[in-house]
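Worksheet for the structure shown next.
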Ligand SMILES: Cc1cc2nc3c(=O)[nH]c(=O)nc-3n(C[C@H](O)[C@H](O)[C@H](O)COP(=O)(O)O)c2cc1C
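In structure tokens:
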């Protein structure tokens, strides 16, 4: 029987919302006939063990998390040699009030690790994440609310599923 190409969905997360996005992407791809595995970058999954890589990180201070940047640098060679898609998870586009000015200054590309210059991702998406009131310190809550920030789970599962299905479609087209 023909071996199906294996997809790695590698992610870096601070508080778990990016893990949820990665697991959803992997589940959708698997459902579409492309076996996919969500793994945290801190486990150092080797991209060379997979045929396709989707790599994502939470955004913190307009940048990918250091674990994601480090992973991208370590595995730059094998990432450059396989079909690659990238995604970020953050709050840009989810807020109203003065806080939006902070996010508006951020350029999508600036959120990606500098090393992407040598990578040729086939696609990049920014997904809305989560701002969880319960896990935010009292002081941060006050600052956030003072700037007009909203708490909540802003993840758009329909948009995430649609992106994963697009990737599945392009993998299927490449095999035809
Ligand atoms: C300290 C801090 C800084 C953040 N900076 C940004 C940012 O610069 N841009 C953005 O879009 N979201 C920013 N966020 C929002 C996070 O990216 C968002 O909460 C995301 O869902 C976190 O993902 P995680 O749960 O996988 O860590 C920040 C959140 C925190 C707590």
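Numbering (full-length UniProt numbering), first residue to last: 1 to 176.
Glycine included, C-beta positions come from ideal geometry on N, C-alpha and C.
Small disclaimer: the values here were computed from a predicted structure and weren't measured.
Judged by DSSP secondary structure, residue 174 falls within the alpha helix (DSSP H) whose first and last residues are 157 to 175. Collapsing the DSSP output to three states places residue 71 in a helix.
Under the DSSP definition of a beta bridge, residue 64 partners with 59.
Contact annotation: residue 67 and residue 134 have beta-carbon atoms that are not nearer than 9 Å.
Of all C-beta pairs linking the stretch 114 to 124 to the stretch 144 to 159, fewer than three are shorter than 8 Å, placing the two stretches out of contact. Assignment of residue 24 by DSSP, reduced to helix, strand and coil, places it in the helix class.
By alpha-carbon distance to residue 172, the top candidate from 31, 22, 146, 16 is 31. With contacts defined by Cβ atoms closer than 9 Å, residue 89 and residue 126 form a contacting pair. Nearest in C-alpha terms to residue 153, of all of 94, 165, 142, is 94.
At least 9 Å separates the beta-carbon of residue 22 from that of residue 61.
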